[in-house]
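In terms of the working numbering, the numbers along the sequence shown are unbroken and rise by one, the last being 315. Using N, Cα and C, we set each Cβ at its ideal position, and we do this for glycine too.
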Amino acid sequence: MSRLCSAFVLVLASGWCLCGADVGNFAPCLQFFHRSWPPKGLTGTPICQRYNNQYRFATLYSRARRSPWLSAYVYGTPAGKRPSASWKFEPQVRTLKHGRMEVQPEELAYPGADGNMIPFPPGPVDQNVVDSQAVQLDYINSTFSRGHLNPSLHHQSREDRSATFTLTNTVPQKAGSNEGPWEVLEQTVNKTLTAYCLGEAYLVTGILPYLSGERWLKNHRVAVPEYMWSAYCCPNYNASLPEELRDTFPTYAAVGRNDPNSTEEIVPVCKTAKKQFRGYDVRRMPLDSLETYLKERFGSVVSVFYEQCSGSD
Ligand SMILES: *[C@@H]1O[C@H](CO)[C@@H](O)[C@H](O)[C@H]1NC(C)=O
Ligand SMILES: *[C@@H]1O[C@H](CO)[C@@H](O)[C@H](O)[C@H]1NC(C)=O
Ligand SMILES: *[C@@H]1O[C@H](CO)[C@@H](O)[C@H](O)[C@H]1NC(C)=O
Ligand SMILES: *[C@@H]1O[C@H](CO)[C@@H](O)[C@H](O)[C@H]1NC(C)=O
């Protein structure tokens with residue numbers, strides 16, 4: 003009975019059902035999830051991130067936080083330089099009279115838009131956009147950088163890379179993390195996947211909110227995460243792995259600190275790290291450890307990958 007109950011609660015809490023016309027859905031972009039199976043156990047607004055008439059990745063967005071819970075994408079070996087950032091917004095995301103947000107291509111913040119993300123105009127931004135999501139001014143003169151969940155580095159084509167520069171894919175991230183251990187993680191994952199992943203690699207990168215007492219960017223619009231996390235699933239890999247990578251396939255995960263003042267239960271601090279990066283450590287861990295922390299933090303069972311990425315592709 004108790005098992006039935008918890009299964010029932012999970013379905014209710016998961017938010018993936020198309021319960022009403024006021025939520026978007028991942029149906030057009032399931033290809034960015036392993037086995038077309040979006041993570042379970044988190045509630046938010048699904049966004050199929052579209053740029054130049056193609057879906058590029060998927061985001062589970064929080065209207066209340068004006069920032070994403072997670073972004074999911076398929077890894078592509080990078081080629082060439084990081085594109086110069088042209089920051090974009092999501093015309094599909096708008097606030098409704100009832101204060102809820104919807105993602106519906108036929109009702110746009112910008113009339114005439116076609117579901118593609120749009121670069122911020124040089125001048126003032128439509129109030130509908132300002133109300134529903136983070137804008138450039140939220141980050142300017144704050145003490146946080148724009149932290150990509152889906153990073154430009156993990157994509158091959160210029161357009162896939164440009165598409166990551168949308169504020170619906172970013173969270174307030176301290177520079178000490180973004181330019182330090184978190185960047186090292188992104189590079190390590192890049193190297194590991196290009197070297198040993200033989201088929202598709204599916205990544206999901208998200209955040210852990212503070213347990214109590216949310217923090218916000220300066221004008222109280224965009225919530226700051228306490229931690230960032232990331233996990234990959236590569237079902238088809240080269241089994242002749244070097245000793246140090248033995249535990250990192252088919253799936254592996256990590257959690258990174260975004261606040262030097264956080265306690266050390268989830269990620270210990272390396273006291274000898276360079277001063278600018280101290281307190282921004284990243285801890286690598288198996289997927290089930292990550293899922294334990296997700297469960298603790300969200301108060302519900304969170305499953306990142308279908309059957310924890312076990313089994314063949
Ligand atoms: C940012 O801070 C600088 C220096 O205090 C100030 O001149 C500038 O107007 C601020 N910009 C915004 C957008 O608040
Ligand atoms: C990412 O991986 C590719 C392929 O191994 C490599 O050429 C490139 O230098 C890597 N980029 C970074 C920033 O690590
Ligand atoms: C698998 O890795 C081994 C050792 O690094 C390498 O010799 C071999 O060519 C790789 N196989 C494939 C299919 O990439
Ligand atoms: C950490 O806590 C100290 C003391 O409360 C505070 O001065 C500092 O601004 C905090 N650092 C960050 C990055 O929040």
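Kindly indicate which residue of ALA165, GLU309 and GLN51 has the alpha-carbon position closest to the one of SER86. Among ALA165, GLU309 and GLN51, the Cα nearest to that of SER86 is on ALA165.
Which whole-angstrom value is the C-beta distance of ASN130 and ARG52, which I expect to be below 8 Å? With 8 Å as the limit, ASN130 and ARG52 do not qualify as a contact, their Cβ atoms being about 18 Å apart.
Check each candidate in LEU200, PRO252 and ASP261 and name the one with the smallest Cα separation from SER312. PRO252
Quick one: Cα of PRO288 to Cα of CYS272, how far? 20 Å
Given LEU187, which residues of its chain have a CB within under 6 Å of its CB, disregarding the five upstream and five downstream residues? The answer, listed in chain order, is ALA256 and VAL284.
For the putative contact between ARG65 and SER144, defined by C-beta atoms under 8 Å, what is the C-beta separation to the nearest angstrom? Their Cβ separation, rounded to whole angstroms, is 20 Å, which puts ARG65 and SER144 out of contact at 8 Å.
Spell out the partners DSSP gives PRO153 in its beta bridges. Paired residues: none, contrary to the question.
For ligand 2, I want to know if ASN192 counts as a neighbour, meaning its beta carbon is within less than 6 Å of at least one of the ligand's heavy atoms. yes
Ligand 2 heavy atoms versus the CB of THR79: any closer than 6 Å? yes
State buried or exposed for HIS222, treating a residue as buried only when at least 16 other CB atoms are found within 10 Å of its CB. exposed
C-alpha gap between ASN238 and ARG259, whole angstroms: 30 Å
Taking LEU200 as the reference, which of ARG58, ALA241 and GLU181 has the closest Cα? ALA241
Which residue wins for smallest C-alpha separation from TRP231, given the options LEU72, LEU62, ARG68 and PRO30? Considering only alpha carbons, the answer is LEU72.
Measure the alpha-carbon distance for PHE91 versus ARG37 and round it to whole angstroms. 28 Å
Residues with C-beta closer than 5 Å to any heavy atom of ligand 3, in chain order: ASN240 and SER242
Assign GLN158 to one of three DSSP states: helix, strand, or coil. Residue state, collapsed to three classes: coil.
Mind listing, in chain order, the continuous beta strand (DSSP E) runs of no fewer than 3 residues lying wholly within the region 267 to 293? You should have 284 to 287.
For ligand 1, which residues count as neighbours when the test is a C-beta closer than 6 Å to any heavy atom? LEU139, ILE142 and ASN143
Name the one or two DSSP bridge partners that ARG58 has. Paired residues: none, contrary to the question.
Whole angstroms is fine: what's the gap from ASN192's alpha carbon to PRO126's? 38 Å
Inspect the CB distances between the region 297 to 309 and the region 200 to 212 and report whether three or more fall short of 8 Å. yes
Closest to GLY149 by CA distance: which of ARG160, ASP162, LEU139 and THR170 is it? THR170
Please state the DSSP three-state secondary structure of LEU187. helix
How big is the Cα-Cα spacing for LYS176 and ALA275? Computed Cα separation, rounded: 16 Å.
By alpha-carbon positions, which one of GLN94, LEU195, ARG280 and PRO41 ends up nearest to TRP184? ARG280
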